[in-house]
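> 41 is the number that this note's numbering gives to position 26 of the sequence shown; each next residue is one higher, with no gaps.
Every residue, glycine too, gets a C-beta built ideally from N, C-alpha and C.
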Amino acid sequence: MSEKIAILADSGSDVPKELLKQYNNIEVAPMLVIMAGEEYRDNVDITPEQFYARLGEADQFPKTAAPTQGSVEAHVASLKERGFNRIIGITVSAHLSTTFGIFTNVARENADIKMEVINTRNIGIGSGLFAVYAEEMIDSGQTFDETIQFLKQSVEDSRTFFYIPSLKYLRAGGRIGRVAGLIGSVLNIKPVIATDSEGIYFPVAKARSEQKAISKMVKLAADVIASHKSVRVGVANGADVPLQEKVFDRLHSAFPQLKIYRGSISPALGVHTGPGLVGIGVQVGEGE
16 MSEKIAILAD SGSDVPKELL KQYNNIEVAP MLVIMAGEEY RDNVDITPEQ
66 FYARLGEADQ FPKTAAPTQG SVEAHVASLK ERGFNRIIGI TVSAHLSTTF
116 GIFTNVAREN ADIKMEVINT RNIGIGSGLF AVYAEEMIDS GQTFDETIQF
166 LKQSVEDSRT FFYIPSLKYL RAGGRIGRVA GLIGSVLNIK PVIATDSEGI
216 YFPVAKARSE QKAISKMVKL AADVIASHKS VRVGVANGAD VPLQEKVFDR
266 LHSAFPQLKI YRGSISPALG VHTGPGLVGI GVQVGEGE
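#1: Going along the chain, which residues of its own chain have a beta-carbon closer than 8 Å to the beta-carbon of Tyr-148, five neighbours each way excluded?
#2: Taking only three categories from DSSP, how would you classify Leu-292?
#3: Going by C-alpha to C-alpha distance, which of Ile-215, Ser-230, Lys-221 and Val-293 sits closest to His-110?
#4: Identify the continuous alpha helix (DSSP H) that holds Asn-120 and give its terminal residues.
#5: With a 10 Å radius around its C-beta and 16 neighbouring C-beta atoms as the bar for buried, classify Asp-25 as buried or exposed.
#6: Do Ile-280 and Ala-241 have their C-beta atoms closer together than 9 Å?
#7: Output the distance between the C-alpha atoms of Tyr-184 and Pro-282, rounded to the nearest integer angstrom.
#8: Please classify Ile-163: does DSSP put it in a helix, a strand, or coil?
#9: What do you reckon, are the CB atoms on Asp-29 and Gly-143 nearer than 9 Å?
#10: Per DSSP, what kind of secondary structure is Gly-302 in: helix, strand or coil?
#11: When you compare the segment 128-141 with the segment 97-109, are there three or more beta-carbon pairs, one atom per stretch, that lie closer than 8 Å?
#12: Indicate the three-state DSSP secondary structure (helix, strand or coil) for Leu-23 in the structure shown.
#13: Please classify Lys-274: is it buried, with 16 or more other beta-carbons within 10 angstroms of its beta-carbon, or exposed?
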């Protein structure tokens with residue numbers, strides 16, 4: 016039986032929209048956003064623009080939840096009905112969400128289809144770029160098993176870096192990780208946060224101004240890009256497109272030959288970061 020490979024990602028992985036438009040073998044299981052007692056499916060019932068507008072008026076911090084197992088099962092059933100017999104699951108870091116566990120349970124319970132789940136140990140565009148890499152492997156004729164092998168090898172060196180003007184949303188959402196040490200430090204500190212090799216947040220750089228923080232973040236990403244032959248890169252924002260464009264311009268100037276994806280982070284991630292985020296994802300391929 017010939018392989019027909021699909022990709023199923025969670026919405027926190029921020030798969031580039033242009034990839035979703037171009038390919039019909041990719042589906043996204045939405046996380047949930049709870050605001051003012053109402054539950055919304057991430058990027059389905061609420062857009063990033065709507066989310067940030069409501070966030071400014073919210074009396075309480077919103078909350079999030081992983082996709083329900085039922086919704087993930089529904090996506091798997093839909094893919095099977097469309098003739099796919101192999102599924103690559105892509106999720107944000109297992110340390111930041113229970114999504115990986117839910118995807119893994121669904122894979123285990125669907126013995127009639129071969130499904131492997133990748134814990135990217137990244138988040139946002141950094142996780143979404145794994146879908147880009149997977150699609151490249153599929154298009155180049157790699158088998159399902161070969162594609163899974165390449166994806167797993169690429170996890171260790173792939174990184175997400177992001178700048179946020181305030182830590183209060185990370186703290187309120189309980190996703191503070193190893194960034195907790197910055198709480199109570201100099202009030203005007205501007206941190207650059209990254210996911211480490213285990214997929215846990217940690218402060219990778221600190222600065223006294225936004226401009227210096229952005230410069231440090233761009234340099235960190237550029238160092239990873241320059242150190243590897245096969246990379247996919249994306250820049251994402253949370254209600255700050257102008258700052259995103261500044262970051263994009265600097266990366267594009269340094270690496271003019273490189274395709275750089277752009278987009279908004281999902282509302283489910285915005286809950287934990289608040290407005291003003293700009294992030295860079297660098298996905299390293301071919302087990303380098």
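Inspection of the coordinates gives the following:
#1: Excluding its 5 nearest sequence neighbours in each direction, Tyr-148 has C-beta neighbours in its own chain below 8 Å: Phe-165, Leu-166, Ser-169, Arg-247, Gln-298 and Gly-300, listed in chain order.
#2: Under the three-state reduction of DSSP, Leu-292 is assigned to strand.
#3: The shortest Cα separation from His-110 among Ile-215, Ser-230, Lys-221 and Val-293 belongs to Ile-215.
#4: 114-124 is the span of the alpha helix (DSSP H), which, as asked, contains Asn-120.
#5: The residue in question, Asp-25, is buried, as its Cβ has 16 or more Cβ neighbours within 10 Å.
#6: No, Cβ-Cβ distance for Ile-280 and Ala-241 is not below 9 Å.
#7: In a straight line, the C-alpha of Tyr-184 is about 13 Å away from that of Pro-282.
#8: DSSP places Ile-163 within a helical segment (H, G or I) once states are collapsed to three.
#9: It is a contact, given that the beta carbons lie within the stated cut-off.
#10: Because the pLDDT of Gly-302 is 48, which lies under 50, any placement of that residue in the model is unreliable, and the question is left without a value.
#11: Taking 8 Å as the limit for Cβ pairs, the verdict is that the segment 97-109 does touch the segment 128-141.
#12: Reduced to three states, the DSSP call for Leu-23 is strand.
#13: Flag for Lys-274 reads exposed.
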